[in-house]
Every structure is written in structure tokens, then in C-alpha cells.
Amino acid sequence: MTSASRAIYVHLPWCVRKCPYCDFNSHQRDPNAIPEADYIAALIQDIRTERSLLGEIAAHSVFFGGGTPSLFSADGIARILAALNDAFPFTLDAEITLEANPGTFEQAKFRGYAQAGVNRLSLGIQSFDDEKLTALGRIHGSLEAKRAIGSAREVGFDNFNIDIMHGLPQQSVEEALADLACAAEFAPTHLSWYQLTIETNTAFYSNPPELPDIDALDDIEVAGFELLRSHGFEQYEVSAWARNGAVSRHNLSYWNYEDYIGVGAGAHGKYTQGNEIRRRQKTRRPEDYMAGPKLKDVIVPNEDRIFEFFLNRLRLFSPVSQTQFEQSTGAAYESINHKLIQLRDQGLVTLSPGGFELSYRGQRFLNHVQSLFLPSEE
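Numbering of the sequence shown is given in UniProt numbering, commencing with residue 1 and proceeding in unit increments.
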């Protein structure tokens, strides 16, 4: 139930402005007032604690998420990567991703990030429509977004992701597809395309915008899938598309229910110790975290493992093997046979001697498939 190397998530919690749809652990702050040195000192302490708890483990990927990681200096990112590499030596082919917003004051840092060791960018563009960007509370415009893509390429980032959202306030089918087409024509190696959802504890939840109806959303999705395939993208996860096999190795660790390390304010990791699966979460508020990172360590109950596994693994559209299920959950594959037969009879999965696979219908009704494995329904 463990992997030979781990993914590492690093949370950098500040942003210039909190977007009205965002429910992540992010905190609005003037970029010039971010306590970068103090936060990095806390991160290094956190990293060393993880090393003392876990021992000698290599890292195959690092992902800087936020907040807005590109608010940090290139020198700061280099210091964090050096501490990580010292504690958890990077494999030769390690994927090092940094999320970046396309503000012009950040583009100048791209070269520095590359020199620091970042080899993959994830650009949070969301839309190329200025009106929609304003509705989303984004601080960049379409021109800045396009320039950011050009800047990334100019400094040598040939592996990068573009984030695009659809189902935006008052968005037509044509507008959604125009956004997607623009992103696809830039030919990134990876494209994350997902629907805007209204989450609790967000400004949009308190004051919901007018969103496209379900028929429009369905039209957007069907036409969008065709458009992406026509540009050479292949879907490998619910909202992830890649060209030439350039899947996100880091994200695959999550979806395959592998162990991973989390450092930073509010970050959490998954750890297997013997027959136990544990989750370790860090202090959430940045001020508390910088005062000394604290750990909250809990054991995942046996009855929750199967649901957790399918909540993650069924996001991937590749077959699920009996071996992976048993190694990841510690449960016998026979224990879910009756549910798999039920799903097969509903046309949601296809069964094989060594496992099963979601059908196209199963992919469309993924939430229903996952819900069947909730512990309360045992």
C-alpha cells in the first residue's frame, strides 16, 4: 500500500484577491506585505519534521499550490526546493509544478522559476473573455493571459497546463467553446477544463450568480469534448486532458490513492504505516503555522477506505484492477462484487476477470457510482 517514491504538495496561502468562487485555504494580502522569509522558515521546519517521521523517501513530484504561489520570489522557491531535495531527494525525472497567475508582475519571474528547478507551470487563466474574468473576480485580462503563455514558452517551459472553467455566469455555449478553442490553439501539453461549481463558504454561495442551465451545460460538455479531441487532447481524468501522454504525474498520485506528503498551512498528506492509513494535516491559519507548524494525525477508519479509494480512483478513466483495489484498501475484492454487479446491470461499468472499468454512462454519472460505496450504505 506504499509507493517507492512520493508526491509532495507545498501550500503557499496568499493571493492578491480572494476570488468569489474559491473555497481553498487562501488569504488576501498585499503582495509587498507577504512574510515570505518567515513562511519559508516554517516550511523548512515542517519539511524536516516530515523527514524525521518518514525516514528515507524519494520524491517523484512537487506541486506548489495556493493561494497564488507565483507571488513568491524565484529565490524563495529555490530555497524551498533545496530543503525538499535535501530531505526527500528528487528522482531524475521529477515533475516540479508551480501554479502561476498571469499578472504581468509575475511573468518576469518565470525565468527565475525555471532556474530554481521548476519544470512545469500551471497557468490559472480560467477564461479569455474579459467580461467573464471580471465576473470571476480575476485580476488579469485576456491580453495578460495570452502574454503569460508566450512568456512561459519564451523562457523554456515546454510542459505547462492551462486552467479553463466553463459554466460561468451568464455564459453561452458559444462563449464557453470560444474560451476552450483559444486555450487548445495555444497547444499546451495539458489542459484542465472544468465546470464552475458554487461551494459553501464562498462569496458566490452567499450571492449566487446566474449560471447556464443544465441543457446548456450538457451542450458545452459534449461539444467541448469533441473540440479537445480534434486538437489532439486525450481525456484521462474527469477534468484533465493531455497531449502526447503528458499527464500530470503529481495528480495521478492523488487519483491512484497513493501516499503523498503535504507541507504548508492547511496542507495534508496520506501515509500508510503497516495496515493503517493515516492523514496528517497542518495548522490552517498562516499566522499560526508560522508560529510553529502543528500536526493533526488521524487514522482513516477501515470502513472509509473503500469509499476514499473510489472517490479518487474513479476520477481516472482507466480500468481498475483487483490488485490495485486490494493493495490500496486492504479489503478483499469479493466484498464489492455485489455492488459491481449492480453497477453493471445499470450499464455504469463493464466487468472483466481482473477488474472493471467505467462505461461512458458511468463517467457521466460518476457521483452516483461513487456514492454506492459510502460506508453508511453498507
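Positions of the beta carbon are idealized from the N, C-alpha and C atoms, including for glycine.
| Item | Value |
| --- | --- |
| Identify which residue in G330, Y289, L314 has its Cα closest to the Cα of E303. | G330 |
| Go ahead and label P208 buried or exposed: buried means 16 or more other beta carbons lie within 10 angstroms of its beta carbon, across all protein chains shown. | exposed |
| Nearest by alpha-carbon distance to L372: which of S253, Q363, L340, N101 is it? | L340 |
| Does the beta-carbon of A291 have 16 or more other beta-carbons within 10 angstroms, so that it is buried, or is it exposed? | exposed |
| Would you say the segment 108-117 touches the segment 263-281, given that touching needs at least three Cβ pairs under 8 Å? | no |
| If we call anything under 9 Å between Cβ atoms a contact, is G67 one with N25? | yes |
| Going by DSSP, what residue range makes up the beta strand (DSSP E) through K282? | 276-282 |
| Quick check on DSSP: helix, strand or coil for F356? | strand |
| Does the contact criterion of 3 or more C-beta pairs under 8 Å hold for the segment 75-91 versus the segment 26-43? | yes |
| Is K294 buried or exposed, if buried means 16 or more other CB atoms sit within 10 Å of its CB? | exposed |
| Tell me which same chain residues have a C-beta within less than 8 Å of the C-beta of Y254, skipping the five on either side of it? | A7, Y260, N312 |
| Can you find at least 3 beta carbon pairs, one from the segment 51-59 and one from the segment 9-29, that sit closer than 8 Å? | no |
| Can you round the beta-carbon distance between E258 and P319 to whole angstroms, since I take them to be within the 8 Å contact cut? | 17 Å between Cβ atoms; not a contact. |
| Measure the C-alpha to C-alpha separation of A184 and E334 and round it to an integer number of angstroms. | 43 Å |
| Going by DSSP, name the residue or residues bridged to L295. | K282 |
| Please name the residue in E234, W241, T202 whose C-alpha comes closest to that of Y194. | W241 |
| Pull up the distance between the alpha-carbon of P212 and that of S172, whole angstroms please. | 7 Å |
| By alpha-carbon positions, which one of P89, S70, N32 ends up nearest to residue 379? | With the chain covering only 1 through 378, there is no way to say anything about residue 379. |
| Please look up how many angstroms separate the CB atoms of S192 and D218, rounded, as I've assumed it's under 8 Å. | Their Cβ separation, rounded to whole angstroms, is 20 Å, which puts S192 and D218 out of contact at 8 Å. |
| In the DSSP assignment, the alpha helix (DSSP H) including A78 goes from what residue to what residue? | 74-87 |
| Report the partner residues of V247 according to the DSSP bridge assignment. | Answer by DSSP bridge pairing: none, since V247 is not bridged. |
| Helix, strand or coil for E258? Go by DSSP, reduced to three states. | coil |
| Are three or more beta carbon pairs between the segment 93-103 and the segment 118-134 nearer than 8 Å? | yes |
| State the Cα-Cα distance for the pair L177 and G224, rounded to the nearest angstrom. | 6 Å |
| How should H11 be labelled, buried or exposed, when 16 other C-beta atoms within 10 angstroms of its C-beta is the threshold for buried? | buried |
| By DSSP, does L366 sit in helix, in strand, or in coil? | helix |
| Quick check on the DSSP output: the alpha helix (DSSP H) that includes H338 runs from which residue to which? | 337-345 |
| Can you give the beta carbon distance from residue 394 to K296, rounded, assuming they're within the 8 Å contact cut? | Because the chain spans 1 through 378 in this model, residue 394 falls outside it and cannot be assessed. |
| Can you name the start and end residues of the beta strand (DSSP E) that L12 belongs to? | 5-12 |
| Terminal residues of the continuous alpha helix (DSSP H) containing F110? | 110-116 |
| Considering only C-alpha positions, which residue in the set A4, C19, C15 is nearest to A203? | C19 |
| Is Q324 helix, strand or coil when you go by DSSP? | helix |
| Look at the Cβ atom of L168, then the Cβ atom of A145, and state whether they are nearer than 9 Å. | no |
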